[in-house]
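First comes the structure, then the notes that go with it.
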Amino acid sequence: MASNDNSEEKPVKEQSEGKMVIHMNIAAHQLLSKLLRPKSPEHDWESLAELMGFSYEEVVNLGCDLDPVESIIRQWERQSDATVDKLLSFLKEIERFDVIEDLQPFISETPTPSLYEERRRKKVSENYSQSPAVGKLPIELEQLTGYMQKAEG
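Residue numbers (full-length UniProt numbering): 1 to 153.
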């Protein structure tokens, strides 16, 4: 996947600043798996896992997973410092500039943490307000309380 020849395109560093790997979409994870899974000494998922802090034993065990790349990304992204910038730094260290280039469109569409939280709150609010149970709950609780009082008395 080559990048567009758009002269106004922001550099990867500017696009990724403050963004978290956990907020990247599933297609970005799938791309990482596809590109890093083939064995390539010092340039594959095992090298990435070591940079992410996985022990040799953990890397060996993860190698038994159906998709070891997805497993390391999912485990690593739970850390509070699992930023897109850090992932890009690791990819540079293992000289996977092709992966960095191919991830660029996904990085640009990954929301910042504040935007991600704003979208999450909005979605929760919309789901709550569209729920048919909203408005009925207090009545049901009052009815339940009445039934309990009758049963006790």
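Every residue gets a Cβ at the ideal spot worked out from N, C-alpha and C, and that includes glycine.
- If you ignore the 5 residues before and after Thr112, its C-beta comes within less than 7 Å of the C-beta of Gly18, Lys19, all in its own chain and listed in chain order.
- Between Leu91 and Val84, the CB-CB gap reaches or exceeds 8 Å.
- Boundaries of the alpha helix (DSSP H) around Pro68: 68 to 76.
- The secondary-structure analysis by DSSP pairs Met52 with nothing; it has no beta-bridge partner.
- Beyond the five residues adjoining it in sequence on each side, Trp76 comes within less than 6 Å, by CB distance, of Met52, Ala82 in the same chain, given in chain order.
- Contact annotation: Leu35 and Asp102 have beta-carbon atoms nearer than 8 Å.
- Here the alpha carbons of Lys39 and Lys122 stand approximately 43 Å from one another.
- A direct Cα-Cα distance of roughly 31 Å separates Phe54 from Arg120.
- Fully enclosed alpha helix (DSSP H) runs of no fewer than 4 residues occupy 84 to 93, 97 to 109 of the region 75 to 109, in order along the chain.
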